[in-house]
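With the numbering used here applied, the sequence shown corresponds to residues 31 to 240, in that order. Backbone N, C-alpha and C define an ideal beta-carbon position, used for all residues, glycine too. These figures come from a predicted structure and were not determined experimentally.
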Amino acid sequence: LQNNRPDIVCIVGDLINTSLEDNPWAISFLIGCIDVAPTFLALGNHDYLISSDDIKKMKKLGISVLNDSYVRFNDEIIIGGLTSYFYHKCEKYDPKVPMKLYPELKWLDDFERQKGYKILMDHHPDNYDRYTSHRKIDLILSGHVHGGQIRLLGKGVYGRSQGFFPKYDGGVYDDKMIVGRGLSNTMPIPRLWNPTELVFVELKNKENTI
């Protein structure tokens with residue numbers, strides 16, 4: 031990461047499975063990221079046990095935790111974080127109330143209106159068709175699918191929230207959404223023919239592509 035000298039680091043979710051206190055390696059990882067470049071984090075489904083105190087600790091480290099919010103990085107770039115709908119489900123869980131399985135979208139209206147190049151971190155690529163593809167957002171960074179966990183003939187076999195042979199399993203879609211395959215494995219099924227990856231994105235002017 032350091033050798034590539036990125037301008038920013040974007041973590042699109044699934045940092046930890048429990049609280050930050052139980053994961054000292056995660057703190058070391060975040061410190062390492064912030065030492066390289068300004069670091070932004072959106073919450074994924076595995077982050078549902080991250081508490082408000084954990085978020086305060088990450089912010090104290092210098093991490094910009096974007097929980098259904100956005101910040102202006104400079105005069106030209108705005109970065110937003112769409113929190114996992116699973117995080118909201120667990121945050122407000124009530125056994126008497128049907129589980130909420132959709133993201134918070136109201137803040138995106140204001141995000142869209144911002145002038146500049148808009149980058150949205152959204153852990154779930156399955157949000158794309160229904161919630162974000164039509165919006166005036168320049169780049170969406172996503173993950174969640176682990177590349178399909180097992181890959182056959184260059185195609186992922188299964189992705190959570192998308193089922194078998196997921197449409198968005200890794201790569202670039204519509205020159206607008208990039209889905210990374212992730213750096214780890216959070217499923218009991220091993221990753222087969224599916225190496226982990228760290229995605230580097232170079233933004234160019236309008237005459238070029240990402």
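3 or more residues per run - each beta strand (DSSP E) lying fully within the stretch 83–109 | 99–102
Alpha carbon to alpha carbon, how far is Asp52 from Ile208? Give it in angstroms, no decimals.
-> 31 Å
Taking one C-beta from the stretch 39–53 and one from the stretch 83–96 each time, how about it: are there three or more such pairs within less than 8 Å?
-> yes
Among Asn104, Phe70, Ile93, which residue has its Cα nearest to the Cα of Leu171?
-> Phe70
Residue range of the unbroken alpha helix (DSSP H) whose run includes Phe141 | 136–143
From Ile108 to Asn157, what does the alpha carbon distance come to, in whole angstroms?
-> 20 Å
Gln192 to Gly173 span [Cα, whole Å] | 12 Å
Whose C-alpha, out of Pro225, His176, Val39, Asn97, is nearest the C-alpha of Phe103?
-> Val39
Give the straight-line distance between the Cα atoms of Trp140 and Cys63, rounded to the nearest whole angstrom.
-> A quick correction: the sequence has Asp, not Trp, at residue 140. Near 29 Å, if we compare the C-alpha coordinates of Cys63 and Asp140.
If you check the beta carbons only, do Ile200 and Arg211 fall under 8 Å apart?
-> Per the sequence shown, the amino acid found at residue 200 is Gly instead of Ile. Yes, these two residues count as a Cβ contact at 8 Å.
Taking Cβ positions, are Asn75 and His153 nearer each other than 8 Å?
-> yes
When you compare only the Cα positions, how much space is there between Lys43 and Trp223?
-> Residue 43 is actually Gly in this sequence, not Lys. Straight-line Cα distance between these residues: approximately 23 Å.
Classification of Asn97 by the beta-carbon crowding that lies within 10 angstroms, buried from 16 upward | buried
Taking C-beta to C-beta, are Pro36 and Ala67 nearer than 8 Å?
-> yes
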